[in-house]
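A.B. asks:
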Amino acid sequence: MNPFRKIGKIELEKTDEVLSREKPITDTQTRYGNSYYYGSSEDSSVSRESLMRKIEGTEIKELYVHVPFCERRCLYCTYSLVTGQDEATRERYVDEFSSEAEDVANRFNFEGLRTVHVGGGTPNRLTNPQLDKFLGIINSNFDGESLVEKAIEITPSEANEGTLQIIRRNGFNRVSIGIQTFNQEINELNGRLNQDSNDVRTLVRSARELYPNVSVDLLAGQRGQTQRILEDDYKSALDLDPNSIYLYQIRQGFKNRGVEEIEALNEFLSFFTQHGYEIVSHNQVIKKRNSDGYCEQRDGRAKLENLLGLGPSANSEIEGFAFTNLTPSKYLKFGRGIDEETIRLKTQRNQKALRLLRALRYFTDPSINGLNIESYREKFGSYPAEDFKDQLNVLRQNTLVTIDPTRIQITDKGMLFTQWIDNYLTGHYK
Ligand code: SF4
């Protein structure tokens, strides 16, 4: 793959202006962020009983498990979690999760389960014995021959060699290490204490020896962070030779939000492709497309495969329904359950828009930077050119996508505007 074509500032500003005229981004929307889109104002609400009647017995392909603990909250963090919980509370969570896992194992069909992803919060906020027990519960309820990926997120300040060994012994083959920055001052300024950069380096090196797939997360837009500091982070990450690198962004941290946010992605994609990495999404580069560094769960989500979320605040997407579990504090107080307020049945239009835009954001095919038109037709019985004729014309005219009879592909410039494309496509339901 050729290096990413870095886009000049003038061209970026011009495109940004044209797109903003076409569809302005509202205050509540992110311009170039990374969030998944779950619902729309057109979706109709459904009761919990009715939801369960419709989805029980369904085949689940992807499983996500949320561990809601962190020692303290980093200043930029908006994830659903609780801080400062004692060991006994964490033990109670593991026990409640055990009942939840047994319950869903009997309600759904996991014979074709492809991926398990454990995230947070900080999964390794559980003590090492708790973590061992917790992963054992996952294994005893959801292990199977069809599993291709078992992934877990870890926070470096709470991890040690023992943590890595326990996770590996439980059959996990991918670890994602949330570094955010190697710069100690920036971490402290942002409330991320006790993260020693040398320890982080040692941890990533040990992980590289133990795991076939090691990913690291970096974060742009942090308080006090300059472009120079971000570039140093890219160099430090590169030195560690991980299989995959993500760049996440905090919207509030940018002074001139739109253009600075795009430029951060511009630099990121350009730097790592010049050093031999390949782009697999607008904010992720990997060593080798669709093998080394690849995230299978992201692939499943891009294809709208059934995803079940366990643990507090976990999101699920099953047969067109989207819903979220109770918050961590309710889960710890009352036990597991779905938050009825969040249940939505997505319209067919919504699902089509999601399929198209996720294909443009997260490449799932080794040879296509976007959507294989035939796979879309097989799923929905129609063609994207019929469903999104006007929108695709606008994307093509602004050189954000290219279209041929078999595929719709995102351009290098389009890669920087995927969040705008998200808002644009999902805002055209009516
Ligand atoms: S460690 Fe991660 S999940 Fe925990 S507060 Fe910080 S950013 Fe949020």
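Mind the numbering: the sequence shown is residues 0 to 429 in numbering that gives the first Met the number 0, read in order. We put the beta carbon where it would ideally sit given N, CA and C, even for glycine.
DSSP has alanine 150 in a bridge; who is on the other side?
C.D. replies: Taking the first residue of the sequence shown as position 1, residue 150 is located at position 151. DSSP, once it has assigned bridges, lists His116, Arg173 as partnering alanine 150.
A.B. asks: Have a look at Phe171, Arg376, Ser196, Gln221 and flag the residue whose alpha-carbon is nearest the alpha-carbon of leucine 188.
C.D. replies: Your numbering for residue 188 matches position 189 in the sequence shown. Measuring from the Cα of leucine 188, the nearest candidate turns out to be Gln221.
A.B. asks: Helix or strand or just coil, what does DSSP make of alanine 158?
C.D. replies: Position 159 of the sequence shown, counted from the start, is the residue given in the question as residue 158. In the structure shown, alanine 158 sits in coil (DSSP, three-state: anything other than H, G, I, E or B).
A.B. asks: Using the C-alpha atoms, what's the distance from leucine 125 back to valine 81?
C.D. replies: Counting from 1 along the sequence shown, the entry for residue 81 is found at position 82. Counting from 1 along the sequence shown, the entry for residue 125 is found at position 126. Those two C-alpha atoms are separated by around 13 Å.
A.B. asks: Could you tell me whether the Cβ atoms of leucine 355 and leucine 344 are closer together than 8 Å?
C.D. replies: On the sequence shown, position 356 is the one that residue 355 refers to. On the sequence shown, position 345 is the one that residue 344 refers to. Result no, Cβ atoms of leucine 355 and leucine 344 do not sit closer than 8 Å.
A.B. asks: Measuring CB to CB, does tyrosine 423 end up less than 8 Å from glutamate 95?
C.D. replies: In the sequence shown, the residue the question calls residue 423 occupies position 424. In the sequence shown, the residue the question calls residue 95 occupies position 96. Not a contact, by the Cβ cut-off of 8 Å.
A.B. asks: Let me know if threonine 398 comes out buried or exposed under the rule of 16 or more other beta-carbons within 10 Å of its beta-carbon.
C.D. replies: For the purposes of this step, residue 398 is identified with residue 399 of the sequence shown, where counting begins at 1. Exposed, by the Cβ-count rule.
A.B. asks: Which whole-angstrom value describes the C-beta separation of glutamine 84 and phenylalanine 68, a residue pair presumed to lie in contact below a C-beta threshold of 8 Å?
C.D. replies: For the purposes of this step, residue 84 is identified with residue 85 of the sequence shown, where counting begins at 1. For the purposes of this step, residue 68 is identified with residue 69 of the sequence shown, where counting begins at 1. Sure, about 6 Å apart at Cβ, within 8 Å.
A.B. asks: From this set, Glu318, Phe320, Gly336, Gly319, which residue's C-alpha is nearest threonine 326's C-alpha?
C.D. replies: By 1-based counting over the sequence shown, the position of residue 326 is 327. Closest by alpha carbon: Gly336.
A.B. asks: Compare the C-alpha of glutamate 12 against each of Asp195, Ile261, Glu144, Ser214 and name the closest.
C.D. replies: Locating residue 12 in the sequence shown gives position 13, counting from the first residue. Measuring from the Cα of glutamate 12, the nearest candidate turns out to be Ile261.
A.B. asks: Using a threshold of 8 Å, state whether the C-beta atoms of threonine 154 and asparagine 305 are closer than that.
C.D. replies: Here residue 154 refers to the residue found at position 155 when the sequence shown is read from its first residue. Here residue 305 refers to the residue found at position 306 when the sequence shown is read from its first residue. No. Outside cutoff.
A.B. asks: Can you have a look at glutamate 152 and say buried or exposed, based on whether 16 or more other CB atoms are within 10 angstroms of its CB?
C.D. replies: Numbered from its first residue, the sequence shown carries residue 152 at position 153. When all chains shown are included, glutamate 152 counts as buried.
A.B. asks: On the CB-based measure, 16 or more other CB atoms within 10 Å of its CB, does threonine 14 come out buried or exposed?
C.D. replies: Walking along the sequence shown from the start, residue 14 turns up at place 15. Threonine 14 is buried by the Cβ-count criterion.
A.B. asks: Can you check which of these residues, Cys76, Leu134, Val64, Ser139, is closest to valine 117 by C-alpha distance?
C.D. replies: By one-based count along the sequence shown, residue 117 stands at place 118. Selected option, being the one with the closest Cα: Val64.
A.B. asks: Let me check understanding here. Comparing Cα to Cα, which of Asn242, Ile249, Arg200 lies closest to aspartate 218?
C.D. replies: Locating residue 218 in the sequence shown gives position 219, where the first residue counts as 1. Correcting the residue identity first, residue 218 is leucine in this sequence and not aspartate. The option with the nearest alpha carbon to leucine 218 is Ile249.
A.B. asks: I'd like the list of long-range same chain contacts for tyrosine 37, defined as Cβ closer than 6 Å, with 5 residues on each side in sequence excluded.
C.D. replies: As a first step, residue 37 is located in the sequence shown; it is residue number 38 there, counting from the start. Low confidence applies to tyrosine 37: its pLDDT is 41, below 50, so where it sits in the model is not reliable, and the reading given next is rough at best. Closer than 6 Å at Cβ, skipping near neighbours: Ala321.
A.B. asks: Less than 8 Å between the beta carbons of aspartate 231 and asparagine 182, yes or no?
C.D. replies: Counting from one through the sequence shown, the residue named residue 231 turns up at place 232. Counting from one through the sequence shown, the residue named residue 182 turns up at place 183. The answer is yes: Cβ separation under 8 Å.
A.B. asks: From glycine 380 to isoleucine 402, what distance separates their C-alpha atoms?
C.D. replies: As a position in the sequence shown, residue 380 is number 381, starting the count at 1. As a position in the sequence shown, residue 402 is number 403, starting the count at 1. Glycine 380 and isoleucine 402: Cα-Cα distance of roughly 19 Å.
A.B. asks: Count the other CB atoms, across all protein chains shown, that sit within 10 Å of the CB of glutamine 347; report buried if there are 16 or more and exposed otherwise.
C.D. replies: For the purposes of this step, residue 347 is taken as the residue at position 348 of the sequence shown. It is exposed - the Cβ of glutamine 347 has fewer than 16 other Cβ atoms within 10 Å.
A.B. asks: Tell me which residue opens and which closes the alpha helix (DSSP H) that asparagine 197 is part of.
C.D. replies: Numbered from 1 along the sequence shown, position 198 holds the residue referred to as residue 197. Counting along the chain, the alpha helix (DSSP H) containing asparagine 197 begins and ends at 196 to 209.
A.B. asks: Go through the stretch 274 to 353 residue by residue and report every complete run of the beta strand (DSSP E) that reaches 3 residues or more, in order.
C.D. replies: The qualifying runs are 277 to 280, 283 to 285, 306 to 309, 314 to 317, 320 to 323.
A.B. asks: What does the alpha-carbon distance come out to for the pair tyrosine 31 and alanine 104?
C.D. replies: Position 32 of the sequence shown, counting from 1, holds the residue named residue 31. Position 105 of the sequence shown, counting from 1, holds the residue named residue 104. Confidence in tyrosine 31 is poor, its pLDDT being 48 and thus under 50, which makes the residue's placement unreliable; the coordinate value appears in the next sentence. Near 37 Å, if we compare the C-alpha coordinates of alanine 104 and tyrosine 31.
A.B. asks: Flag this pair as yes or no: are the beta carbons of glycine 334 and valine 66 separated by less than 8 Å?
C.D. replies: Translated into the one-based positions of the sequence shown, residue 334 becomes position 335. Translated into the one-based positions of the sequence shown, residue 66 becomes position 67. No.
A.B. asks: Going by Cα to Cα distance, which pick from Ile420, Gln194, Pro365, Asp364 is closest to leucine 391?
C.D. replies: On the sequence shown, position 392 is the one that residue 391 refers to. Residue Ile420 is the option with its Cα nearest to leucine 391.
A.B. asks: For tyrosine 247, which three-state DSSP category applies?
C.D. replies: Along the sequence shown, one-based indexing puts residue 247 at 248. Note: tyrosine 247 maps to strand in three-state DSSP.
A.B. asks: For glutamine 129, which of helix, strand or coil comes out of DSSP?
C.D. replies: Here residue 129 refers to the residue found at position 130 when the sequence shown is read from its first residue. It is helical.
A.B. asks: Looking at valine 199: is its Cβ nearer than 8 Å to the Cβ of proline 241?
C.D. replies: As a position in the sequence shown, residue 199 is number 200, starting the count at 1. As a position in the sequence shown, residue 241 is number 242, starting the count at 1. Their beta carbons are not under 8 Å apart, which means valine 199 does not touch proline 241 by this criterion.
A.B. asks: Listed in chain order, which residues are found with a beta carbon closer than 5 Å to a heavy atom of the ligand SF4?
C.D. replies: Qualifying residues, in the order they occur: Cys69, Arg72, Cys73, Cys76, Tyr78, Thr154.
A.B. asks: Helix or strand or just coil, what does DSSP make of isoleucine 409?
C.D. replies: Here residue 409 is taken as the residue at index 410 of the sequence shown, counted from 1. In the structure shown, isoleucine 409 sits in a strand (DSSP, three-state: E or B).
A.B. asks: Taking the beta strand (DSSP E) that leucine 218 belongs to, which residues open and close that run?
C.D. replies: As a working mapping, residue 218 is identified with position 219 in the sequence shown. It spans 212 to 219 - the beta strand (DSSP E) in which leucine 218 sits, taken as one unbroken run.
A.B. asks: Going by C-alpha to C-alpha distance, which of Thr180, Leu237, Thr405, Arg72 sits closest to tyrosine 276?
C.D. replies: As a first step, residue 276 must be located in the sequence shown, where it is residue number 277. Ranking the options by Cα distance to tyrosine 276, first place goes to Leu237.
A.B. asks: Just the C-alpha distance for threonine 363 and arginine 91, rounded to the nearest angstrom, thanks.
C.D. replies: Position 364 of the sequence shown, counting from 1, holds the residue named residue 363. Position 92 of the sequence shown, counting from 1, holds the residue named residue 91. Threonine 363 and arginine 91: Cα-Cα distance of roughly 38 Å.
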